[in-house]
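2 protein chains.
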Amino acid sequence: MTLKELGRYAARGVSAKKQDVHSAIDKLDAGIFPGAFCKVTPDYLTGSAKLCNITHSDGSGTKSILAYLHYKETGDASVFRGIAIDSIVMNLDDLLCVGAIERILISNTINRNPHNVSGAVLKELIEGTEDFLQTLRDAGIHIHSGGGETADVPDITGTLTVDSCATVIMKRKEVINGNDLVPGLAIIGLSSYGKAAWESSLNSGIGSNGLTSARHDLLSPYYRGKYPETYSKETDPSLIYCGTYKLSDALPNSLQTIGEALLSPTRTYAPLIARILHDDPRKIKGLIHCSGSGQTKCLRFGMGVHFVKNNLLPIPPLFIEIQKRSGTTWEEMYRVYNMGHRMEIYCKPNHTDTLISHAKQSGIDAQVIGYTETSKKDDLANHLSLTHAGKVLEYTR
Amino acid sequence: MTLKELGRYAARGVSAKKQDVHSAIDKLDAGIFPGAFCKVTPDYLTGSAKLCNITHSDGSGTKSILAYLHYKETGDASVFRGIAIDSIVMNLDDLLCVGAIERILISNTINRNPHNVSGAVLKELIEGTEDFLQTLRDAGIHIHSGGGETADVPDITGTLTVDSCATVIMKRKEVINGNDLVPGLAIIGLSSYGKAAWESSLNSGIGSNGLTSARHDLLSPYYRGKYPETYSKETDPSLIYCGTYKLSDALPNSLQTIGEALLSPTRTYAPLIARILHDDPRKIKGLIHCSGSGQTKCLRFGMGVHFVKNNLLPIPPLFIEIQKRSGTTWEEMYRVYNMGHRMEIYCKPNHTDTLISHAKQSGIDAQVIGYTETSKKDDLANHLSLTHAGKVLEYTR
Numbered sequence: 002m003t004l005k006e007l008g009r010y011a012a013r014g015v016s017a018k019k020q021d022v023h024s025a026i027d028k029l030d031a032g033i034f035p036g037a038f039c040k041v042t043p044d045y046l047t048g049s050a051k052l053c054n055i056t057h058s059d060g061s062g063t064k065s066i067l068a069y070l071h072y073k074e075t076g077d078a079s080v081f082r083g084i085a086i087d088s089i090v091m092n093l094d095d096l097l098c099v100g101a102i103e104r105i106l107i108s109n110t111i112n113r114n115p116h117n118v119s120g121a122v123l124k125e126l127i128e129g130t131e132d133f134l135q136t137l138r139d140a141g142i143h144i145h146s147g148g149g150e151t152a153d154v155p156d157i158t159g160t161l162t163v164d165s166c167a168t169v170i171m172k173r174k175e176v177i178n179g180n181d182l183v184p185g186l187a188i189i190g191l192s193s194y195g196k197a198a199w200e201s202s203l204n205s206g207i208g209s210n211g212l213t214s215a216r217h218d219l220l221s222p223y224y225r226g227k228y229p230e231t232y233s234k235e236t237d238p239s240l241i242y243c244g245t246y247k248l249s250d251a252l253p254n255s256l257q258t259i260g261e262a263l264l265s266p267t268r269t270y271a272p273l274i275a276r277i278l279h280d281d282p283r284k285i286k287g288l289i290h291c292s293g294s295g296q297t298k299c300l301r302f303g304m305g306v307h308f309v310k311n312n313l314l315p316i317p318p319l320f321i322e323i324q325k326r327s328g329t330t331w332e333e334m335y336r337v338y339n340m341g342h343r344m345e346i347y348c349k350p351n352h353t354d355t356l357i358s359h360a361k362q363s364g365i366d367a368q369v370i371g372y373t374e375t376s377k378k379d380d381l382a383n384h385l386s387l388t389h390a391g392k393v394l395e396y397t398r
Numbered sequence: 002m003t004l005k006e007l008g009r010y011a012a013r014g015v016s017a018k019k020q021d022v023h024s025a026i027d028k029l030d031a032g033i034f035p036g037a038f039c040k041v042t043p044d045y046l047t048g049s050a051k052l053c054n055i056t057h058s059d060g061s062g063t064k065s066i067l068a069y070l071h072y073k074e075t076g077d078a079s080v081f082r083g084i085a086i087d088s089i090v091m092n093l094d095d096l097l098c099v100g101a102i103e104r105i106l107i108s109n110t111i112n113r114n115p116h117n118v119s120g121a122v123l124k125e126l127i128e129g130t131e132d133f134l135q136t137l138r139d140a141g142i143h144i145h146s147g148g149g150e151t152a153d154v155p156d157i158t159g160t161l162t163v164d165s166c167a168t169v170i171m172k173r174k175e176v177i178n179g180n181d182l183v184p185g186l187a188i189i190g191l192s193s194y195g196k197a198a199w200e201s202s203l204n205s206g207i208g209s210n211g212l213t214s215a216r217h218d219l220l221s222p223y224y225r226g227k228y229p230e231t232y233s234k235e236t237d238p239s240l241i242y243c244g245t246y247k248l249s250d251a252l253p254n255s256l257q258t259i260g261e262a263l264l265s266p267t268r269t270y271a272p273l274i275a276r277i278l279h280d281d282p283r284k285i286k287g288l289i290h291c292s293g294s295g296q297t298k299c300l301r302f303g304m305g306v307h308f309v310k311n312n313l314l315p316i317p318p319l320f321i322e323i324q325k326r327s328g329t330t331w332e333e334m335y336r337v338y339n340m341g342h343r344m345e346i347y348c349k350p351n352h353t354d355t356l357i358s359h360a361k362q363s364g365i366d367a368q369v370i371g372y373t374e375t376s377k378k379d380d381l382a383n384h385l386s387l388t389h390a391g392k393v394l395e396y397t398r
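These protein sequences, in sequence, are chains A and B. Read left to right, the first sequence gives residues 2 to 398 (this note's numbering). Read left to right, the second sequence gives residues 2 to 398 (this note's numbering).
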């Protein structure tokens, strides 16, 4: 395949589609609710037939490298507090999508190169985790840390990975199992940008996905020369730090610098979703966390659904700048980035006003961004029609 | 510090003492049983005052690089099945030490460089996990997988990390909390080598600790030239693949090759410890998993204890060869490697015969390797006297 056919994202060794991962796990038991957003297992932990378990792992991915660059340039290790948040939210907001909002237990794993990553970084990661969990508890989410592991593996990494595992027990009857994600629903998009009630600074909307491409497409060759430990030797050099910016440069049409925007901690929607579920869980027919594979994530859920997204929220300045600098097609941009909303609520059309009002009370912009209808494919496969700048982009899995 | 003062292990960026990790976590809440081997928290998962939770993370560390070398040299990805075992056992055998042997839920995280690590490797890791969990269940250990995450992070690693998180709920009154690890006990060592009843091939005893040093000290510069993605650019080149062996060479005084010995999957003691605990939990006063920091791990547990290890099991050929080739002091060898037993049972002297007989029925060599007495230090700090070749080595924390 040529670079163009492969896509810039895949050419860097990062597949938004993750084909070989999916083919490796396809033979595995899909759990007791195969249509749910997370794998749900029987209640191995206590053995109750009425309960079920979710143990979920994810992390901050290559966003840790951005924090590393900032830390090396400025000496400011506190930037890693945001990475601690990213790692937790990548788990927490997946859990939300099955309705798991109570009694969450977290464990963290840090794999670091101790030559490059100091004890001061560990301190910020560990304290940042504790502080963020307290913020969540203050906002009504019962989440606690059970500890974690820090491994010194300089032969494996030049920098570090920060991963978390979240475990929860819930009632089987309360699981959002995917069966209600059907044709005939409205889709509400919850903005990934701005400032939610529980956030202390402006959020660029970036989240924790697509950061490999965002970093290389925006940042300048200055970083290529100075930090060889931060990129893959196997990737085409023309795709490594091929942008024009330094972290301290201003992001056009924004109050943030490039570094602040790229390092903006991933928003959690947990306090908002918890409030909605406590109010009336029946209003929610589906929740999709637009993480890996961005706006096309929905294609994996529901059956026989045509997703129509024809009224998206405004695209935040960071994504516009990434597209402009990289020349990435808009079609690929929506496959890699959330592009403005990272959480979708699927509901009956007559419930949208109440749900949007909940979001706005939390300081989160929200609107009906589209709807579901019956698949127009002969085999009733899920597909997505997404309107960008007046043109409809078509996606299948 | 000079290389000699620092120690070969620390000079490679891998600290057996993990000082800066401990200093970063020292401020954290130590859980409800601060003297226990694992952090134990209140029962956040179900909210019962009689129960508690453990969520524990660890992984295969740099042992994955050895599997990578074997895989690249031979094309045989099945070697990664052993890495899946290593990652699970590093958690499971820590859990044993608090008495957690029931209803364990596992999640896995793989961070890989997809340029170098194929889907075939993922398949073996994932299927190897499932097969090993089935082996454990067949041996009476109720352990299940709840899924996991595979992240493509080529800018972070040239190879891969394989980590796991294990979660369990147990009765507070059944936790081995460390309070009974006192002077006046016998110490039984359970061999790390040989072939346990649930193992399918000979075990070298290596486990999953000290593999960075073992790999570099034994393997030849052939690997330095051919696989630059497998070592840290920050480490003194004289410490990188500075041995003489290829993986396919024979290990002296052994039936195994160097590769087979280094890649020998970490033994779990779970079926044996479960049998002993089911038989009579009161016989066990303490369990120490001699993982990171090897034979000095015990120093972190119990209070006012002088550990005397004066009758150790024979040192397996692999450790003898590592010492011989590297010139590492015996004092450091015991700080880095398990040297022959990876699990210690602390019990009353009159119970040793029964416990040793349980071990031998499981195909695990075992003997009384020493005892505990009151600390001889003025401040009653824990210390260890370990007899090697007729000479007593002294250790403090």
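Backbone N, C-alpha and C define an ideal beta-carbon position, used for all residues, glycine too.
In this structure, Pro229/A sits away from Thr373/A, with a CB-CB distance that is not shorter than 7 Å. Between Ala25/B and Gly148/A, the gap from beta carbon to beta carbon reaches 7 Å or more. At a cut-off of 7 Å between beta-carbon atoms, His23/B makes no contact with chain A. Looking at the DSSP output, Glu395/A bridges to Ser386/A.
Per DSSP, reduced to three states, the secondary structure at Gln296/B is helical.
Under DSSP, Arg113/B shares a beta bridge with Asp153/B, Leu161/B. Under the Cβ criterion of 7 Å, Thr329/A is not counted among the residues facing chain B. Judged by pairs of C-beta atoms under 8 Å, the region 380-390 of chain A does not touch the region 350-357 of chain A, as fewer than three such pairs exist. Only residues of its own chain outside the window of five on either side were considered, and among them Thr269, Ala271 have a CB closer than 6 Å to the CB of Leu93/A, listed in chain order. One alpha carbon belongs to Leu161/B, the other to Asp132/B, and they sit about 21 Å apart. Among the residues of the region 152-164 of chain B, those with a Cβ less than 8 Å away from any Cβ of chain A are Ala152, Asp153, Val154, Pro155, Asp156, Ile157, Thr158, Gly159, Thr160, Leu161, Thr162, Asp164, in the order of the chain.
A Cβ-Cβ distance of about 5 Å is found for the pair Ser65/A and Ile84/A, placing them in contact under the 8 Å criterion. The continuous alpha helix (DSSP H) containing Gln20/A extends over residues 20-26. For Cys166/B, at least one C-beta of chain A is nearer than 7 Å to its own C-beta. Cβ neighbours of Asn117/B within its own chain (closer than 7 Å, five residues either side excluded): Gly159, Thr160, Glu230. Looking at the backbone, the Cα of Leu264/B and that of Ile323/A are separated by about 44 Å.
For Lys124/A, the neighbours in chain B by C-beta distance under 7 Å run, in chain order, Ala25. Annotated as distal: Arg82/B and Ser214/B, with beta-carbon spacing of 7 Å or more.
Contact with chain A is found for Asn112/B, since one of that chain's Cβ atoms lies less than 7 Å from the residue's Cβ. Per DSSP, the continuous alpha helix (DSSP H) segment holding Leu126/B begins and ends at 120-139. Between Leu46/A and Met340/A, the alpha-carbon positions lie close to 38 Å from each other. Sorting Met171/A, Ala101/A, Pro43/A, Arg13/A by C-alpha distance to the C-alpha of Thr63/A places Arg13/A at the top.
For Lys325/A, there are no C-beta contacts with chain B under 7 Å, since the nearest C-beta of that chain is about 23 Å from it. The alpha carbon of Gly295/B has as its nearest neighbour, out of Gly287/B, Thr136/B, Val337/B, the alpha carbon of Val337/B. Cys39/A places its beta carbon 7 Å or farther from that of Asp77/A. At a cut-off of 7 Å between C-beta atoms, His145/A counts as an interface residue with respect to chain B.
In this structure, DSSP gives Ser202/A a state outside helix and strand, which the three-state scheme calls coil. In the DSSP assignment, Ile33/A falls outside any alpha helix (DSSP H) and carries neither an H nor an E.
Around the Cβ of Leu252/B, a 10 Å sphere holds 16 or more other Cβ atoms; the residue is buried. Here DSSP, grouped into helix, strand and coil, assigns Lys310/B to strand.
Comparing alpha carbon positions, the residue from Trp331/A, Arg326/A, Thr258/A closest to Lys247/A is Thr258/A. Its Cα nearest to that of Thr130/A, the residue Leu106/A stands out among Gly260/A, Pro115/A, Leu106/A. Residue Leu314/B holds the alpha-carbon nearest to the alpha-carbon of Ile189/B among Leu314/B, Ala50/B, Leu319/B.
Of the other Cβ atoms in all chains shown, fewer than 16 fall within 10 Å of the Cβ of Leu256/B; this residue is therefore exposed. Using a 10 angstroms sphere on the CB of Glu345/B, the tally of other CB atoms reaches 16 or more, which defines it as buried. Under the Cβ criterion of 7 Å, Ile66/B is counted among the residues facing chain A.
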